[in-house]
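J.: Residue 433 in the working numbering is what sits at position 355 of the sequence shown, and the numbering runs on without skipping anything.
Okay, handing you the structure first.
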Amino acid sequence: MEKFYVTTPIYYVTMKPHIGHAYTTIIADILARWHRLKGEEVFFLTGTDEHGSKVQKAASEAGKNPQEFVDGVVEFYKQAWKALNISYDKFIRTTDDYHIAIVRKFIKKLWDTGDIFKSKYEGWYCLPDETFIPESEVQDGKCPYCGRAVQKIQEDAYFFSLSKYKDTLLRVFSEDERFVIPKSKANEMVSRLNGEVKDLDITRQSIDWGIKFPIDETQTIYVWVDALANYISALGWPDGEDFKKFWPADVHIVGKEILWFHSVIWPAMLISAGVPLPKTILAHGWWTVDGQKMSKSLGNFVDPVEIANKYSVDSLRYFLIKEMPVGEDGDFSESALVSRINGELVADLGNLLSRVLTLVDRYKGSISGEIEVDKELDIEKVSDMLDNYNVTGALEEVWKFIRSINKYFNDKEPWKLEGQELSKVLNNSLEALRIISILLEPFMPSTSLKIKEQLGVGEEKLDKAKFGQFRGKVKRGENLFTKVNAKV
Ligand code: MSP
79 MEKFYVTTPI
89 YYVTMKPHIG
99 HAYTTIIADI
109 LARWHRLKGE
119 EVFFLTGTDE
129 HGSKVQKAAS
139 EAGKNPQEFV
149 DGVVEFYKQA
159 WKALNISYDK
169 FIRTTDDYHI
179 AIVRKFIKKL
189 WDTGDIFKSK
199 YEGWYCLPDE
209 TFIPESEVQD
219 GKCPYCGRAV
229 QKIQEDAYFF
239 SLSKYKDTLL
249 RVFSEDERFV
259 IPKSKANEMV
269 SRLNGEVKDL
279 DITRQSIDWG
289 IKFPIDETQT
299 IYVWVDALAN
309 YISALGWPDG
319 EDFKKFWPAD
329 VHIVGKEILW
339 FHSVIWPAML
349 ISAGVPLPKT
359 ILAHGWWTVD
369 GQKMSKSLGN
379 FVDPVEIANK
389 YSVDSLRYFL
399 IKEMPVGEDG
409 DFSESALVSR
419 INGELVADLG
429 NLLSRVLTLV
439 DRYKGSISGE
449 IEVDKELDIE
459 KVSDMLDNYN
469 VTGALEEVWK
479 FIRSINKYFN
489 DKEPWKLEGQ
499 ELSKVLNNSL
509 EALRIISILL
519 EPFMPSTSLK
529 IKEQLGVGEE
539 KLDKAKFGQF
549 RGKVKRGENL
559 FTKVNAKV
């Protein structure tokens, strides 16, 4: 049986998830559901990054000890993923004992390879990004990536020989087109690799909230090394059954700001430890909200659960995927969301189902007839796009099909037809809707289920997405989506 292993980044538990976190997780969910739909065995991993100075600081600001603090915040993530219908197979927390043990084992492995050495770190650190910033990159005392103030640190530290892997990594990038998608983001990494690559500080002396460094227990493992290892600790590296079955990962999904960690630092450590590389790292862009970056100072974080409660989960899932193709940046606004709900979800899909089912209700005869709408759907194209992580393109293809069935239904004017002619139009429309319900499952699982219930068909895998004789027992239900009238 084919296997598919997909991961999200593990999120810092400093605050509730916002739509940026939801976006990454929804893409992963779509891919996991798609591969399950194809009948594959899927492992979908998500979780939380709970150590390090950023979390420690947030805990102390909240007046809690770090463990108590993370135990509280992690619940926001679990609840959000439940509300958004995220079908993860495992939720990892970096404070889990098994993870801690495996990270220490992983570090020992790098040490045994001779890739770790002791030195001193003297330089800058961006706390919100948990990133060491070279002197040459600091801009007016600020982090070049996030624009926030950096702090000077000076401490004994252990380093990983990242520079040693520069050429090997450049080769991986040039030989494997799929190593980083999209290409533009791969190019950015290659040009950075072609510049100076420094060895990486992998311990912190002044931070307690973390995993003790096994070579020198006075040091704490740098939070990024701890975090990256989650992708293999979750599978029980090196001997776990899941590790043997699912590694290497098919795809790590990440935001563009953490691509260097995933496509350079993580692979270098894996090569050092003798572990095969992930097949693909998929980098996506950033959401702004009403044209502005989301930030604490603006207080403009959009809570995905609130949006889902207000408009429906599937409206949010649909909007995020349709609005921002993977790799590009996008803007979130409630007015854009509402216009997609009214103009696409209600007008294209909701109305189609309700119009077809109204007519079926009225028509008492048996439904059958030759298929004439199959040419409107290029299922191979949808499939190819999803296999190549183009979730937006695939959803657009499905939508084209929905629109073509609307047009077919309008053009045929079945309300004026009778007998066999009517029966045929209904058979075509119902079969199209059944296939739409299968193809929409990864994107909008609860809408897909509602369509199936109204069509009176069961859960079906992709191999049933073929036109034929409609066999469901139709039962009209509520509208799939509600038109939003209020101005937002
Ligand atoms: N803990 C690290 C990841 C470790 S993975 C081994 C981290 N966590 S995070 O909480 O900051 O979440 C980062 C992820 O959230 C990004 O990769 C990105 O997927 C997502 N986003 C956070 N803000 C975002 C936007 N404004 N827009 C889109 N996604 C962004 O980094």
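Even glycine gets a Cβ: it sits at the ideal position worked out from N, Cα and C.
Which residues bound the beta strand (DSSP E) around Tyr101?
T.: Along the sequence shown, one-based indexing puts residue 101 at 23. Segment 97-115 is the alpha helix (DSSP H) holding Tyr101; no beta strand (DSSP E) there.
J.: With a CB to CB cut of under 6 angstroms and the five nearest residues on each side skipped, what residues in its chain are close to Gln134?
T.: Translated into the one-based positions of the sequence shown, residue 134 becomes position 56. Taken in chain order, the residues that qualify are Pro144, Trp287.
J.: So for Ser165, helix, strand or coil by DSSP?
T.: The residue labelled residue 165 in the question sits at position 87 within the sequence shown. Ser165: coil per DSSP, three-state reduction.
J.: Could you tell me how far apart the beta carbons of Leu437 and Trp493 are, in whole angstroms, since I believe they sit closer than 8 angstroms?
T.: As a first step, residue 437 must be located in the sequence shown, where it is residue number 359. As a first step, residue 493 must be located in the sequence shown, where it is residue number 415. Yes, Leu437 and Trp493 are in contact; Cβ-Cβ is about 6 angstroms, under 8 angstroms.
J.: Between Leu533 and Leu508, is the Cβ-Cβ spacing less than 8 angstroms?
T.: Against the sequence shown, residue 533 aligns to sequence position 455. Against the sequence shown, residue 508 aligns to sequence position 430. It is a contact, given that the beta carbons lie within the stated cut-off.
J.: Can the beta-carbon of Lys263 be found closer than 8 angstroms to that of Lys334?
T.: Numbered from its first residue, the sequence shown carries residue 263 at position 185. Numbered from its first residue, the sequence shown carries residue 334 at position 256. Yes, these two residues count as a Cβ contact at 8 angstroms.
J.: Check whether the region 405-418 touches the region 507-523, taking contact to mean three or more Cβ pairs, one atom from each stretch, closer than 8 angstroms.
T.: Result no; under three Cβ-Cβ pairs closer than 8 angstroms.
J.: How many whole angstroms separate the CB atoms of Thr85 and Leu123, which I take to be in contact at a CB cut-off of 8 angstroms?
T.: Translated into the one-based positions of the sequence shown, residue 85 becomes position 7. Translated into the one-based positions of the sequence shown, residue 123 becomes position 45. So it is a contact: roughly 5 angstroms between Cβ atoms.
J.: Would a C-beta distance cut-off of 8 angstroms place Glu233 and Gly130 closer than the cut-off?
T.: Residue mapping note: residue 233 aligns to position 155 of the sequence shown, counting from 1. Residue mapping note: residue 130 aligns to position 52 of the sequence shown, counting from 1. Against a cut-off of 8 angstroms, the Cβ pair of Gly130 and Glu233 comes out as no contact.
J.: Where does the unbroken alpha helix (DSSP H) through Lys81 begin, and where does it stop?
T.: Mapped onto the sequence shown, residue 81 falls at position 3. Looking at the DSSP string, Lys81 is not in any alpha helix (DSSP H); the run it does join, the beta strand (DSSP E), is 81-85.
J.: Cβ of Tyr90 within 7 angstroms of any heavy atom in ligand 3?
T.: Of the ligands one can find in the structure shown, namely ligand 1, none is ligand 3.
J.: For Ile445, which three-state DSSP category applies?
T.: The residue you call residue 445 lines up with position 367 of the sequence shown. Ile445 falls in the coil class under three-state DSSP.
J.: When you measure from the CB of Gly98 to every non-hydrogen atom of ligand 1, does any distance come out below 7 angstroms?
T.: Taking the sequence shown and counting its residues from 1, the one referred to as residue 98 is at position 20. Yes, since a heavy atom of ligand 1 falls inside the 7 angstroms radius drawn around the Cβ of Gly98.
J.: Are the region 189-203 and the region 229-244 touching by the rule of at least three beta carbon pairs closer than 8 angstroms?
T.: Taking 8 angstroms as the limit for Cβ pairs, the verdict is that the region 229-244 does touch the region 189-203.
J.: What did DSSP end up calling His129 once you bin it into helix, strand or coil?
T.: On the sequence shown, residue 129 is found 51 positions in, with the first residue counted as 1. Here His129 sits in coil by DSSP.
J.: Provide the residue(s) that pair with Ile513 in DSSP beta bridges, ordered along the chain.
T.: One-based indexing of the sequence shown puts residue 513 at position 435. Ile513 is not bridged to any residue.
J.: On the three-pair Cβ rule with 8 angstroms, is the region 439-454 touching the region 354-371?
T.: Cβ pair count under 8 angstroms is below three, so no.
J.: Pull up the distance between the alpha-carbon of Lys528 and that of Leu558, whole angstroms please.
T.: Here the question's residue 528 lines up with position 450 in the sequence shown. Here the question's residue 558 lines up with position 480 in the sequence shown. Taking the straight line joining both Cα atoms gives about 7 angstroms.
J.: Which residues does DSSP list as the beta-bridge partners of Leu123?
T.: In the sequence shown, the residue the question calls residue 123 occupies position 45. Answer is Thr85, Lys168.
J.: So the candidates are Asp456, Ile259, Ile293, Leu398; which of them puts its Cα closest to the Cα of Ser341?
T.: In the sequence shown, counting from the first residue as 1, residue 341 sits at position 263. Comparing Cα-Cα distances from Ser341 to each of Asp456, Ile259, Ile293, Leu398, the minimum goes to Ile259.
J.: Touch check for the region 387-397 and the region 353-363: three-plus C-beta pairs under 8 angstroms?
T.: Contact between the region 387-397 and the region 353-363 is absent, because fewer than three Cβ pairs lie under 8 angstroms.
J.: Taking the runs of the beta strand (DSSP E) that are 3 residues or longer, which of them lie wholly in the region 185-259?
T.: Entirely contained in the region 185-259, the beta strand (DSSP E) runs reaching 3 residues are, in chain order, 194-204, 209-211, 229-238.
J.: Just to confirm before moving on: does the CB-CB distance between Asp426 and Arg512 stay below 8 angstroms?
T.: Your numbering for residue 426 matches position 348 in the sequence shown. Your numbering for residue 512 matches position 434 in the sequence shown. No, the Cβ-Cβ distance between Asp426 and Arg512 is not below 8 angstroms.
J.: Any chance the CB of Thr102 is under 7 angstroms from a heavy atom of ligand 1?
T.: Here residue 102 is taken as the residue at index 24 of the sequence shown, counted from 1. Thr102 Cβ: within cutoff of ligand 1.
J.: Touching or not, the region 242-254 and the region 163-181, by the rule of three or more beta carbon pairs under 8 angstroms?
T.: They do not touch, by the three-pair rule.
J.: Express the C-alpha separation of His330 and Phe82 in angstroms, rounding to a whole number.
T.: Counting from one through the sequence shown, the residue named residue 82 turns up at place 4. Counting from one through the sequence shown, the residue named residue 330 turns up at place 252. Rounded to whole angstroms, Phe82 to His330 spans 11 angstroms at the Cα level.
J.: Thinking C-alpha only, which one of Gly219, Lys198, Glu128 is nearest Cys204?
T.: As a working note, residue 204 is residue 126 in the sequence shown. When only C-alpha atoms are compared, the closest one is Gly219.
J.: Determine whether the beta carbon atoms of Lys94 and Asp381 lie at a separation below 8 angstroms.
T.: Indexing the sequence shown from 1 puts residue 94 at position 16. Indexing the sequence shown from 1 puts residue 381 at position 303. Yes.
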